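Take 17 as the starting number for the sequence shown in the numbering used here and just add one per residue.
For glycine and all other residues, C-beta sits at the position ideal for the given N, C-alpha and C.
Note that the structure is a prediction, hence the values are computed from the model and not measured.
Since the structure comes first, as structure tokens, the remarks are kept for the end.
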Amino acid sequence: MSSGNMLAIFYFLLEGIGNTLLVTFTCFLSAFLFGLTVAVLRRLSPLPLQKILDVLVFILRGIPILIAVFLVYFGLPSIGIYVSPLVAMNLSVGLISGSYLAEVFRGALKLVEPYEITVAKVAGMR
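Now the structure itself:
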């Protein structure tokens, strides 16, 4: 192989690393925000909304990621919503990963006892 081919391959690898980091960051950010929002809403909302969110998390956790990507990327254009591949990946992976994070955050919020919140307020914590 000539050095020109190796240099071209190196540039493709650098571009791929950049795209990978972009997808990783955006999917993590959307999953974190979705998971935290759902966990807090499940903790603080009335019972009917809690049950709806429970069903939503249960359904999203049961969908394989590849199926979700295909549904978003090929399904949304069939109803007139056109998205880029990055948005389709971000939406599908973010929702599914966010549902797993919602369970993690729910467990963490459940461990904080009500008296601990009262003690923290008395101690001056906000």
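Cβ neighbours of residue i in the same chain (closer than 8 Å, five flanking residues each side left out)
i: residue 104; result: 85, 88, 89, 92
i: residue 97; result: none
Of the listed residues the options, nearest to residue i (C-alpha basis)
i: residue 46; options: 102, 130, 114, 26; result: 114
i: residue 80; options: 98, 112, 99, 95; result: 112
i: residue 82; options: 99, 62, 107, 66; result: 107
i: residue 109; options: 78, 31, 62; result: 78
Chain-order list of residues whose beta-carbon lies under 6 Å from that of residue i (same chain, five-residue window excluded)
i: residue 94; result: none
i: residue 66; result: 58
7 Å CB neighbourhood of residue i in its chain, flanking five on each side removed
i: residue 69; result: 54, 57, 58
Worksheet item: Three or more beta-carbon pairs under 8 Å between the stretch 28-43 and the stretch 62-74, yes or no?
Response: Output reads no: the stretch 62-74 does not touch the stretch 28-43.
Item to complete: Indicate whether the contact test is met: 3 or more Cβ pairs, each with one atom in the stretch 108-127 and one in the stretch 45-59, closer than 8 Å.
Response: Taking 8 Å as the limit for Cβ pairs, the verdict is that the stretch 45-59 does touch the stretch 108-127.
Worksheet item: Can at least three beta-carbon pairs, one atom from the stretch 53-64 and one from the stretch 121-135, be found at a separation below 8 Å?
Response: As far as the Cβ criterion goes, the stretch 53-64 touches the stretch 121-135, which means the pair count is three or higher.
Worksheet item: Which runs of the beta strand (DSSP E) fall wholly inside the stretch 92-135 and span at least 3 residues, in chain order?
Response: Correct list: empty.
Fill in: Unbroken stretches of the alpha helix (DSSP H), 4 residues or longer, contained in the stretch 57-98
As summarised for the stretch 57-98, the continuous alpha helix (DSSP H) elements at least 4 residues long and confined to that stretch are 63-78, 81-86, given in chain order.
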